[in-house]
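Accompanying notes for the structure given below.
Residue numbers (the working numbering): 139 to 595.
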């Protein structure tokens with residue numbers, strides 16, 4: 139039984155199964171995809187909230203520290219993705235390196251990340267969209283702008299449902315159509331961020347930077363744990379490996395470049411924000427909009443709403459795309475019914491997998507309040523990151539796998555440090571979230587032994 143549980147998956151079999159995908163994605167597409175998945179509402183919300191309650195103006199250093207943690211994990215991702223350019227991302231890497239049962243658990247955790255992640259973002263999109271409509275004097279009925287909570291007068295979050303359906307239809311048109319839309323949206327939100335920085339820099343008051351560490355150095359470290367999650371999303375890049383031209387070179391470079399661009403924007407925006415307004419006045423869900431109103435630039439605040447909507451749209455687009463490829467990989471390997479692993483010959487994509495994640499996201503985003511569940515996204519991500527970093531250590535002892543063009547430097551210290559930092563951040567998650575996550579894992583174990591275990595040869 140132990141041999142069957144930890145039987146290593148065959149990389150060549152994975153690659154053969156992915157051969158039906160059409161290789162159309164370039165390095166530019168991947169960088170755009172990475173930025174689209176990373177930059178969302180976090181850049182417009184987290185800098186203010188974390189500065190107010192945890193770091194003060196030192197939030198700039200928190201973003202830098204969090205970026206360092208992400209870069210360590212990203213380097214591990216880069217080596218694994220260039221060694222094994224197959225669909226499924228960390229699920230596939232885990233199956234090849236640790237065995238199919240650990241790989242399944244990683245994939246099960248990632249399913250939680252993708253499905254809850256896109257559902258939560260769709261709810262946020264709805265809130266911003268309703269606000270935008272209100273600014274034009276258009277008031278949507280309360281009954282169709284919230285989850286199924288009759289006591290509060292809401293029955294369906296219709297804007298969330300509609301945007302998810304639009305994303306589904308865009309992805310059904312093919313990867314090229316969706317990447318073009320993603321690129322346009324990425325340029326829009328970067329332009330909005332740069333506009334805020336370019337305008338706000340003239341309203342900085344040096345006195346707002348004092349004291350720089352009101353909560354001490356520990357506040358900066360704790361702040362890094364909070365803003366770390368603003369960098370999540372770059373793992374969607376290796377998920378696209380079968381559709382990438384020259385993945386061994388383009389995936390590692392795209393991961394690092396997209397992270398670097400986002401880190402620079404986060405740090406500069408947080409510096410301008412805390413310079414414009416004293417950190418004690420930033421306890422708002424929309425601190426960037428508040429800062430613009432504070433310096434009498436309310437008309438520009440409209441652009442921030444547009445940027446936030448563009449950011450959330452690209453996050454959902456890339457998350458649904460990455461989640462559909464994960465579900466496809468689980469079906470490809472027999473962990474779930476084989477139909478999920480079939481590629482439509484005409485569309486060149488896993489239609490059933492795309493349908494499945496869309497339906498689940500629509501149900502959750504349209505009818506369920508996700509306030510208590512969003513932290514589960516963080517746990518699932520950190521668990522998969524821990525496996526990725528530790529996987530590099532095992533990978534270097536394997537002689538039966540392809541050689542990667544990219545190697546994590548300072549081996550084995552950087553992977554070990556990455557594992558330690560990921561575990562440290564996991565300790566910041568609430569106990570209730572841990573209990574729920576363990577329950578999700580238990581369900582995954584049951585599903586594996588009822589179905590996937592019997593499929594392992």
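Cβ coordinates follow ideal geometry from the N, Cα and C atoms, glycine included.
Between the stretch 406-420 and the stretch 325-340, the count of Cβ pairs shorter than 8 Å is three or higher; the stretches touch. Under the DSSP assignment, residue 311 falls outside any alpha helix (DSSP H); it carries neither an H nor an E label. For residue 424, there are no CB contacts under 6 Å within the same chain when 5 residues up- and downstream are skipped.
In this structure, the beta-carbon distance from residue 489 to residue 216 does not fall below 8 Å.
Per the Cβ contact rule, the stretch 292-304 is not in contact with the stretch 474-492 (fewer than 3 Cβ pairs under 8 Å). Beta-bridge annotation (DSSP): residue 487 is paired with 482. Note on residue 277: under 16 other CB atoms within 10 angstroms of its CB, so exposed under the neighbour-count rule. Burial is judged here by how many other beta carbons sit within 10 angstroms of a residue's own beta carbon; residue 237 has at least 16 and is buried. By the C-beta criterion, the stretch 468-476 is judged not to be in contact with the stretch 342-355, since fewer than 3 inter-stretch pairs fall below 8 Å.
Put simply, of 491, 362 and 408 the residue whose alpha carbon is nearest the alpha carbon of residue 205 is 362. Collapsing the DSSP output to three states places residue 290 in a helix.
Sequence-distant partners of residue 159 (beyond 5 residues in either direction) whose C-beta falls short of 6 Å from its own C-beta, in its chain, are 380 and 381. Runs of the alpha helix (DSSP H) lying entirely within the stretch 347-399, each at least 4 residues long, are 354-365 and 374-377 in chain order. Looking only at 522, 573, 248 and 141, the smallest Cα-Cα distance to residue 214 is reached by 522. Its Cα nearest to that of residue 353, the residue 418 stands out among 334, 418 and 333. Cβ contact annotation for residue 330 (same chain, cutoff 7 Å, sequence separation greater than five): 441, 442, 444 and 445, in chain order. By the CB criterion at 8 Å, residue 181 and residue 407 fall inside the cutoff.
Note on geometry: alpha-carbon atoms of residue 259 and residue 175 lie some 11 Å from one another. In the DSSP annotation of this structure, the continuous segment of the alpha helix (DSSP H) that includes residue 151 starts and ends at 149-155.
Contact between residue 478 and residue 457 is ruled out by a C-beta separation of about 18 Å, above the 8 Å threshold. The DSSP-derived three-state label of residue 412 is helix. In the three-state reduction of the DSSP assignment, residue 435 falls in the coil class, being assigned neither a helical nor a strand state.
Residue 547 sits away from residue 530, with the two beta carbons spaced by 8 Å or more. For the 8 Å CB-CB criterion, residue 559 and residue 209 do not form a contact. With a cutoff of 8 Å on beta-carbon distance, residue 220 and residue 528 are scored as not near each other. The Cβ atoms of residue 233 and residue 147 sit closer than 8 Å to each other.
In the DSSP assignment, residue 295 forms a beta bridge with 283. Residue 334 and residue 173 have their C-alpha atoms some 18 Å from each other.
For residue 156, the CB contacts under 6 Å within the same chain, skipping 5 residues up- and downstream, are 224, 225 and 380 in chain order.
One thing to note: residue 390 has its Cβ no nearer than 8 Å to the Cβ of residue 149.
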